[in-house]
Amino acid sequence: DQQVKQNSPSLSVQEGRISILNCDYTNSMFDYFLWYKKYPAEGPTFLISISSIKDKNEDGRFTVFLNKSAKHLSLHIVPSQPGDSAVYFCAASDYGGSQGNLIFGKGTKLSVKP
Amino acid sequence: GAVVSQHPSRVICKSGTSVKIECRSLDFQATTMFWYRQFPKQSLMLMATSNEGSKATYEQGVEKDKFLINHASLTLSTLTVTSAHPEDSSFYICSARDPLGASEKLFFGSGTQLSVL
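Chains as they are written, first to last, in my numbering: chain A, 4 to 117; chain B, 543 to 659.
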């Protein structure tokens with residue numbers, strides 16, 4: 004049973020528009036959420052995170068929204084750029100428990116078209 | 543930022559042979575490293591947690607005698623796939639968390655694509 008779900012395997016967006024990547028989770032014990040970006044043949048790199056005590060975190064073009072009641076988070080990229088084309092992984096942690104064991108979603112492949 | 547180096551990036555081996563994958567933290571000391579496996583179109587799945595100077599902790603369903611983990615120093619963890627079989631073909635990736643970091647974010651190696659013939 005997947006605890007972190009990214010139901011859209013792919014997303015295509017025009018350059019300059021907004022990209023919205025969604026993630027749902029089932030474990031109410033998760034208290035820290037992260038987004039990682041992965042280019043082909045490279046390891047994931049950290050993008051942005053949010054603690055469960057917040058509902059929004061913004062870093063430049065990237066904003067993560069957390070809706071705890073719906074167990075849903077989303078990553079907004081605006082404006083989208085061709086260099087944003089990559090696979091985006093949502094990850095969750097129950098930090099208070101296991102010293103950083105992250106549970107990953109399957110990823111969403113974002114394609115930003117010029 | 544912190545860097546994790548993983549080697550080799552790709553390996554092809556015959557069934558029955560063993561393959562060793564190295565994971566190094568280059569600019570920080572990692573008392574704990576994590577090993578993941580990813581099958582095509584699947585999520586990264588944690589295999590084991592590697593602890594410096596002690597035994598690794600394996601996730602349920604992961605055979606510790608098949609996937610040998612050694613974390614002999616604060617900057618190096620190795621994963622050895624013993625007697626590899628075609629079903630072990632996968633993308634293996636390691637990660638580490640900077641203990642001085644304030645968040646849960648992990649730094650990942652670039653991964654190793656293992657193909658067992």
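The beta carbon of each residue, even a glycine, is placed where N, CA and C say it ideally should be. For clarity, every value in this text was computed on a predicted model and none was experimentally measured.
Taking 9 Å as the threshold (C-beta atoms), are A/Q6 and A/T29 in contact? As a working mapping, residue 29 of chain A is identified with position 26 in the first sequence. As a working mapping, residue 6 of chain A is identified with position 3 in the first sequence. Against a cut-off of 9 Å, the Cβ pair of A/Q6 and A/T29 comes out as a contact.
The stretch 545 to 558 of chain B contacting the stretch 607 to 622 of chain B, beta-carbon criterion three pairs below 8 Å: no
Chain-ordered neighbours of B/K647 on chain A, where CB pairs are closer than 8 Å: Within the second sequence, residue 647 of chain B is the residue found at index 105, counting from 1. The contacting residues are L37, F49, S52.
Verify whether the separation of the beta carbon atoms of A/S52 and A/F36 is less than 9 Å. Stepping through the first sequence from its first residue, residue 52 of chain A is reached at position 49. Stepping through the first sequence from its first residue, residue 36 of chain A is reached at position 33. For A/S52 and A/F36, yes; Cβs fall inside 9 Å.
Taking the beta strand (DSSP E) that A/D62 belongs to, which residues open and close that run? Within the first sequence, residue 62 of chain A is the residue found at index 59, counting from 1. Run containing A/D62: 59 to 62, per the beta strand (DSSP E) assignment.
Taking 9 Å as the threshold (beta carbon to beta carbon), is A/N104 in contact with chain B? Taking the first residue of the first sequence as 1, we reach residue 104 of chain A at position 101. Chain B contact via Cβ: present.
Just mark A/L50 as buried or exposed, buried being the case when its beta carbon has 16 or more other beta carbons within 10 Å. Looking up residue 50 of chain A in the first sequence gives position 47. Buried is the call here.
Taking just the CA atoms, how far does B/L642 sit from A/G99? Against the first sequence, residue 99 of chain A aligns to sequence position 96. Against the second sequence, residue 642 of chain B aligns to sequence position 100. Its pLDDT being 45, under 50, A/G99 is placed unreliably in this model, and the coordinates cannot settle the point.
Confirm, please, whether the CB-CB distance from B/F633 to B/G653 is below 9 Å. As a working mapping, residue 653 of chain B is identified with position 111 in the second sequence. As a working mapping, residue 633 of chain B is identified with position 91 in the second sequence. In contact: B/G653 and B/F633 (Cβ atoms closer than 9 Å).
Step through the CB atoms of chain A and report whether any lies within less than 9 Å of the CB of B/G653. For this step, residue 653 of chain B is matched to residue 111 along the second sequence. Closer than 9 Å to some Cβ of chain A, the Cβ of B/G653 qualifies, so yes.
Give a yes or no on whether the C-beta atoms belonging to A/N104 and B/F576 are separated by under 9 Å. In the first sequence, residue 104 of chain A corresponds to position 101, counting from 1. In the second sequence, residue 576 of chain B corresponds to position 34, counting from 1. For A/N104 and B/F576, yes; Cβs fall inside 9 Å.
Quick one: measure Cβ to Cβ for A/A94 and A/Y42, integer angstroms, because I've assumed they're closer than 8 Å. Within the first sequence, the letter at position 91 stands for residue 94 of chain A. Within the first sequence, the letter at position 39 stands for residue 42 of chain A. That belief does not hold up - the Cβ atoms of A/A94 and A/Y42 are roughly 17 Å apart, past 8 Å.
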